[in-house]
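Peer 1:
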Amino acid sequence: MQSITVHHADASTELEAGATAIQALKALEAIRGSVVAARVTTPDGTSSQWDLDREVPDGARVACIYAETEEGRAILRHSTAHVMAQAVTDLFPGAKWAIGPPVEDGFYYDFDVERPFTPDDLERIEARMTELLREKQRFVREEVAKDDALTEFADQPYKAEIISLVDDGTILSQVDAPDPVAAGQDPTFTVYRNVRQDGEVAWSDLCRGPHLPDTARIPAFKLLRAAGAYWRGREDQPMLQRIYGTAWESKKALKAHLEMIEEAKRRDHRKLGRELELTHQPDELGPGLAIFLPNGAIVRKQMEDWIRDETLARGYVPVYTPHIAKEDLWRISGHLENYGELMYPGMEVENASYRLKPMNCPFHILAFTSRTRSYRELPLRIAELGTVYRYERSGVVNGMLRARGFTQDDSHIFCRADQIVDEVVGCIEFARDLYAAFGLGEPSRVAVSTRPEAKSIGSDEQWEYAEKALMEAAARSGYDYVIDEGEGAFYGPKIDIHARDAIGREWQLTTIQVDFNLPQRFDISYVGEDGEKHQPFMVHRALFGSIERFFSVMVESFNGAFPTWLAPEQVRVVPVAADFDAYAGEVAAALRTQGVRVHLDAADGTLGAKIRDAQTSKVPYTLVVGSSEAEARTVAIRAYGTDQQRKDVPLDGFVAEVAAEIAAKRPKDG
RNA sequence: GCCGGGAUAGCUCAGUCGGCAGAGCGAUUCACUCGUAAUGAAUAGGUCCGGGGUUCGAUUCCCCGUCCCGGCUCCA
């Protein structure tokens with residue numbers, strides 16, 4: 012009898028040849044929880060995910076993949092996607108399947124069906140899935156040759172296409188495709204069969220795997236929504252019907268996730284914007300356009316004041332530029348050619364056509380070229396809060412997170428090539444300070460986007476230099492950056508910085524881009540030490556990104572309860588009865604003198620109702636004053652979100668305290 | 001732009017199997033003058049998104065458009 016050796020951590024053991032991953036893990040006493048699959052490292056050093064029931068090779072190192080890890084959940088979700096596809100096949104004969112990978116927090120599967128799915132369909136599919144889970148179908152892995160795979164999936168055109176794509180070397184990043192193969196190597200395809208207890212094959216799918224041992228190991232799942240999605244994510248391809256679902260290692264974890272979704276709905280900036288009278292987006296205005304109501308405008312003003320002050324302090328110079336310009340400017344800049352479909356149409360005036368600006372760059376270039384520039388002026392950092400208008404496709408507009416008119420804290424830094432790294436480092440550190448000030452903590456993701464495969468301008472040397480400069484700057488800033496291949500702008504590579512909000516969602520906010528297009532197109536130059544003309548590089552950066560988007564992210568992150576320094580109304584003074592209106596007025600005046608935004612609630616109504624109003628308005632501090640306070644010149648303080656009070660606090664003390672908190676311009680807990 | 005779902009009072013929503021539309025909150029007025037999350041009463045408020053069609057009659061059914069929502073694609 013042949014035997015093999017397997018390892019885990021420091022332990023090793025001998026097993027009969029043909030032993031599976033789960034047998035190895037058991038023999039090695041390596042299991043410490045709910046295990047969904049194994050990670051197997053073969054003697055040649057290749058590490059991959061492994062079905063528990065799959066044979067392990069001699070010399071393998073095995074480890075558990077647990078259900079409650081992200082890696083484990085992805086496997087669980089992928090298996091759930093298969094069950095869903097089987098249910099769809101049962102209920103919708105003739106459905107064609109495309110792909111069904113796990114995604115963040117869930118999974119989806121795309122189908123080509125006669126008619127789109129309805130919410131009722133989702134319920135039926137869910138019910139059928141529950142039946143399939145009870146059947147405890149095994150996931151059985153099988154390796155098949157290309158021809159056999161093509162024969163088996165002859166009536167599944169999307170699967171056949173995947174097979175041919177892999178075969179001709181097109182790398183498909185989808186999890187459902189087999190691993191990319193090296194050129195010239197014969198690809199092996201794997202098929203997973205869902206096998207009933209009686210051995211009948213219920214369903215099969217072309218799939219890379221791995222999967223759970225059987226369907227009964229799916230503890231909790233839910234289908235969330237149906238939506239259209241292009242095959243292979245390309246607009247020129249047919250539109251399929253996608254069903255999104257989620258699956259978790261326990262009912263409790265599923266429930267927590269569903270509650271998170273509900274919480275996100277409650278925090279929606281469109282809902283809170285209306286309730287707290289921050290913003291207004293009436294139909295009369297047009298899609299993607301917004302009005303900042305007084306409450307929102309106060310918050311926005313704090314953002315603008317902060318960025319203006321900081322920008323000047325960091326050596327930027329301000330400019331103001333118009334909202335429209337003659338079409339020729341946009342022709343020179345290349346925007347009409349490369350960006351034209353995102354620009355509003357022209358306005359004909361006095362035999363010239365004018366366009367709303369989708370970007371501020373050309374204006375800042377005109378500021379640069381207003382006279383001859385010297386190398387002594389570089390880096391020249393031109394900054395503006397510039398409002399731009401982009402004719403975004405109708406389906407993408409979303410509240411103020413994706414608007415058609417928005418304001419960028421925009422700057423263009425004109426510098427020499429050797430100054431790029433320092434300048435970009437400066438931008439990243441600026442962004443870090445900005446996130447800290449506005450309560451979003453540290454950047455969560457720093458990504459360097461490289462040259463796009465499609466259209467791009469500039470020489471290889473320029474791209475290489477700029478990409479390296481960005482990576483060096485990211486590294487010098489101390490961030491573990493990732494590289495987004497081919498995601499750069501057509502005119503140069505960029506760094507995008509993301510931040511997480513209070514409920515863990517990630518948002519792309521800051522962008523820092525190197526631009527070699529515009530300096531060339533406008534043929535801009537500075538006079539160097541040598542007396543010759545030289546072309547500067549341009550670094551384009553927006554730290555908030557869009558004021559509107561950043562504002563909305565803050566609204567959702569704070570759940571509308573802004574830190575005191577940002578809050579539209581910082582303090583509300585509530586007299587317990589009209590007799591104390593005079594003292595309440597004095598309290599309000601004392602605060603107002605210190606620049607505190609205070610409102611006196613002297614109108615009719617009970618104290619309870621006024622407290623409730625103050626709380627639902629999310630005012631940071633509510634001061635209640637009555638006879639004892641008036642006599643002792645104190646206040647009773649109730650902070651937002653608590654039902655506890657600090658009583659008998661001297662008025663002067665509170666004024667100093669809140670003024671200091673506001674002056675610090677920091678979130679309370681940060 | 002594409003797929004699907006929507007639009008009724010300022011907000012959240014009910015309703016009409018086709019017969020001139022309702023609640024709660026909010027607003028206004030009056031009464032109440034109150035010690036920490038809703039005092040009571042009254043009043044006002046609607047082209048039931050817009051246009052066309054079917055019908056004796058359309059907010060309701062059909063078509064077109066606008067806008068919104070969830071995705072795809074795109075992006076700050």
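Take the first sequence: its letter number 212 is residue 223 in the working numbering, and every next letter is one higher. Ideal placement from N, C-alpha and C gives every residue a C-beta, glycine not left out.
#1: By how many angstroms is the C-alpha of L176 removed from the C-alpha of I182?
#2: Check this for me: beta carbons of W108 and P221, under 7 Å apart or not?
#3: Which one of A30, E321, K276 and R84 has the shortest CA to CA distance from V47?
#4: Counting only runs of 4+ residues fully inside the segment 450-495, write out the alpha helix (DSSP H) ranges in chain order.
#5: Go to G416, then tell me how far its beta strand (DSSP E) extends in each direction, as first and last residue.
#6: Less than 7 Å between C-beta atoms, sequence neighbours within five positions excluded: which residues of the same chain meet that for D69?
#7: Compute the Euclidean distance between the alpha carbons of P530 and Q546, then round it to the nearest angstrom.
#8: Excluding five sequence neighbours on each side, which residues of the same chain lie with their C-beta closer than 6 Å to the C-beta of I318?
#9: On a Cα-Cα basis, can you pick out the residue from V212, F232 and F164 that is closest to F200?
#10: Measuring alpha carbon to alpha carbon, tell me which residue in A572, R657 and W576 is nearest S628.
#11: Take the Cβ of G681 as the centre, count every other Cβ of all protein chains shown within 10 Å, and call the residue buried at 16 or more, exposed below.
#12: Mapping the DSSP letters down to three states, classify L389 as helix, strand or coil.
#13: On the three-state DSSP scale, how would you describe S261?
#14: For E361 and D247, I'd like the C-alpha separation in whole angstroms.
#15: Run the CB neighbour count on Y331, radius 10 Å, all protein chains shown included, and call it buried at 16 or more, exposed below.
#16: Between the Cα of E540 and those of I622, A588, G452 and R384, spot the shortest distance and give me the residue it belongs to.
#17: Going by CA-CA distance only, name the one from L389, S467 and V493 that's closest to S460.
#18: With respect to the beta strand (DSSP E) encompassing I648, which residues constitute its N-terminal and C-terminal limits?
#19: Does the segment 585-594 come close enough to the segment 632-641 that 3 or more CB-CB pairs lie under 8 Å?
#20: Could you spell out where the alpha helix (DSSP H) holding C438 opens and where it closes?
#21: Measure from the alpha carbon of I506 to the alpha carbon of each residue in E464, R456 and E472, then state which is nearest.
#22: Please report how far the alpha carbon of P631 lies from the alpha carbon of E580, in whole angstroms.
#23: Leaving out five residues on either side along the sequence, give the residues of the same chain with a beta carbon under 7 Å from the beta carbon of A601.
#24: Would you list the one or two residues that DSSP bridges to G307?
#25: Would V399 pass as a contact of M358 if the rule is Cβ separation under 7 Å?
#26: By the three-class DSSP mapping on this structure, what secondary structure does D187 have?
#27: Buried or exposed: which applies to D21, given that a residue is buried once 16 or more other Cβ atoms fall within 10 Å of its Cβ?
#28: Pop quiz: G450 and Y255 are said to be a contact at Cβ under 8 Å. What is the actual Cβ separation, rounded to whole angstroms?
#29: Less than 7 Å between the C-beta atoms of R427 and L389, yes or no?
#30: Based on the DSSP secondary-structure assignment, which residues constitute the bridge partners of V587?
#31: Counting beta carbon pairs with one atom in the segment 509-516 and one in the segment 271-283, are three or more of them shorter than 8 Å?
#32: So for H334, helix, strand or coil by DSSP?
#33: Which partner residues does E27 have in the DSSP bridge list?
#34: Relative to the C-alpha of T141, which candidate in Y120, L377 and V94 has its C-alpha closest?
#35: Taking the C-alpha atoms as reference points, what is the distance between D491 and A448?
#36: Looking only at C-alpha atoms, which of A74, H18 and G307 sits nearest to S45?
Peer 2: Based on what the coordinates show:
#1: Because I182 carries a pLDDT of 46, less than 50, the predicted location of this residue cannot be relied on, and the following value inherits that uncertainty. Roughly 7 Å separates the two Cα atoms.
#2: Not closer than 7 Å, so no.
#3: R84
#4: 471-487
#5: G416 to C426 is the extent of the beta strand (DSSP E) around G416.
#6: I15 and T16
#7: 7 Å
#8: D420
#9: F164
#10: If we check each option's Cα against that of S628, A572 comes out closest.
#11: In this predicted model, G681 has a pLDDT of only 41, less than 50, meaning its place in the structure is not dependable; the value taken from the coordinates is given anyway. Exposed.
#12: Note: L389 maps to coil in three-state DSSP.
#13: coil
#14: Roughly 41 Å between the two C-alpha positions.
#15: exposed
#16: R384
#17: Looking at the Cα atoms, V493 is the closest of the given residues.
#18: T645 to A650
#19: yes
#20: I431 to A448
#21: R456
#22: 8 Å
#23: L662 and V666
#24: In the DSSP output, where bridge partners are listed per residue, G307 has none listed.
#25: no
#26: Its pLDDT being 43, under 50, D187 is placed unreliably in this model, and the coordinates cannot settle the point.
#27: Exposed: under 16 other Cβ atoms inside 10 Å.
#28: Actually they do not touch by this definition, with Cβ atoms about 31 Å apart.
#29: With contacts defined as CB atoms closer than 7 Å, R427 and L389 qualify as a contacting pair.
#30: For V587, which the question treats as bridged, DSSP gives no partner whatsoever.
#31: yes
#32: H334: coil per DSSP, three-state reduction.
#33: Beta-bridge pairing links E27 to S14.
#34: V94
#35: 22 Å
#36: A74
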